[in-house]
Amino acid sequence: MVHAFDPAGREAVAGKWAWFVALGVLLIMCGGIAFGNLFMATVASVYYVGAIMLVGGLLNLAHAFQVRGWESIVYWVLSGACYAAAGLFAFINPVLASSVLTFLMAVALLVAGCSRLWVGFKLRPLAGWGWIVIGGLVTLVAGLVIAAGWPVNSLWILGLFLAVDLVMQGLALIAFGVLAKG
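Per the UniProt record's numbering, the very first residue in the sequence shown carries number 1; after that it's consecutive.
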């Protein structure tokens, strides 16, 4: 069952259309800055991931002290320590951390591309199966390109992904704002 958007909500969004457009423009500007210095954008991405891992690790360690007496306390301590160590590592050596993250991204894209290809061919009798295969090929090729350029491309590839994401989100918000204006 498809639910229609509440008319009052639609009017509220339409009344704020300029905010969506303004945020979209700001995100595109940030994406342009990231495109201008992909290395710094990569370092910023690594710091962001490192901060999240460090906070997650510290929360897991704090949780370990809350579950004292459980036999699984070792799990929480090890999990928290590993996350916190990885987060600290990202801050201590962001270039090496970007190399590790880029390698993991290449592997993830290769696995995802192969999986999508397999699923696409399994769906072959159905209409539209080719789109799944094309998507899988694009993902697989992206993984191969990243893997082929590794480790040198790890100095800029994460920054490139960040820049593209910022620009795409900006364009999406501008389009949404303009269309929501009605």
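Yeah, the Cβ is synthetic: ideal placement off N, Cα and C, and Gly gets one too.
From a predicted model like this one, the values you see are computed outputs, not experimental measurements.
Given V46 as reference, the closest of Q169, G87, R10 once Cα atoms are compared: As a first step, residue 46 must be located in the sequence shown, where it is residue number 46. Residue G87 is the option with its Cα nearest to V46.
Residue 261 versus D6, V13, F39, residue with shortest Cα-Cα distance: The structure shown does not extend to residue 261, since the chain is modelled only from 1 through 182, so no value can be given for it.
For N93, the three-state DSSP class (helix, strand or coil): By 1-based counting over the sequence shown, the position of residue 93 is 93. DSSP places N93 in coil when its eight states are reduced to three.
Unbroken alpha helix (DSSP H) run spanning S45, endpoints: By one-based count along the sequence shown, residue 45 stands at place 45. 38-66 is the extent of the alpha helix (DSSP H) around S45.
Boundaries (first-last residue) of the alpha helix (DSSP H) holding G9: By one-based count along the sequence shown, residue 9 stands at place 9. Segment 7-15, the alpha helix (DSSP H) holding G9.
Stretch pair the segment 103-111 + the segment 67-78: three plus CB contacts closer than 8 angstroms: no
Of the listed residues A163, L171, Q169, V178, nearest to N37 (C-alpha basis): On the sequence shown, position 37 is the one that residue 37 refers to. Looking at the Cα atoms, A163 is the closest of the given residues.
Residues of its chain near V43, where Cβ-Cβ distance is below 6 angstroms and the 5 sequence neighbours each way are ignored: For the purposes of this step, residue 43 is taken as residue 43 along the sequence shown, with counting starting at 1. Contacts found: P94.
Identity of the residue in T139, S98, G170 nearest S115 by Cα: Taking the sequence shown and counting its residues from 1, the one referred to as residue 115 is at position 115. Residue T139 is the option with its Cα nearest to S115.
Secondary structure of S115, DSSP reduced to three states: Position 115 of the sequence shown, counted from the first residue, corresponds to residue 115. The answer is helix: DSSP assigns S115 an H, G or I state.
G50 beta carbon less than 8 angstroms from that of A84: Here residue 84 corresponds to residue number 84 of the sequence shown, with the count starting at 1. Here residue 50 corresponds to residue number 50 of the sequence shown, with the count starting at 1. Taking 8 angstroms as the Cβ cut-off, A84 and G50 do not qualify as a contacting pair.
Stretch-stretch touch, CB-based, cutoff 8 angstroms, three pairs: the segment 118-128 with the segment 13-28: no
Touch test, the segment 57-66 against the segment 22-32, Cβ-Cβ under 8 angstroms, three pairs minimum: no
Close Cβ partners of M63 (< 8 angstroms) along its chain, the five nearest in sequence each way excluded: Here the question's residue 63 lines up with position 63 in the sequence shown. In the sequence as presented, Met is not what sits at residue 63; that position holds His. These residues qualify, in order along the chain: W76, G80.
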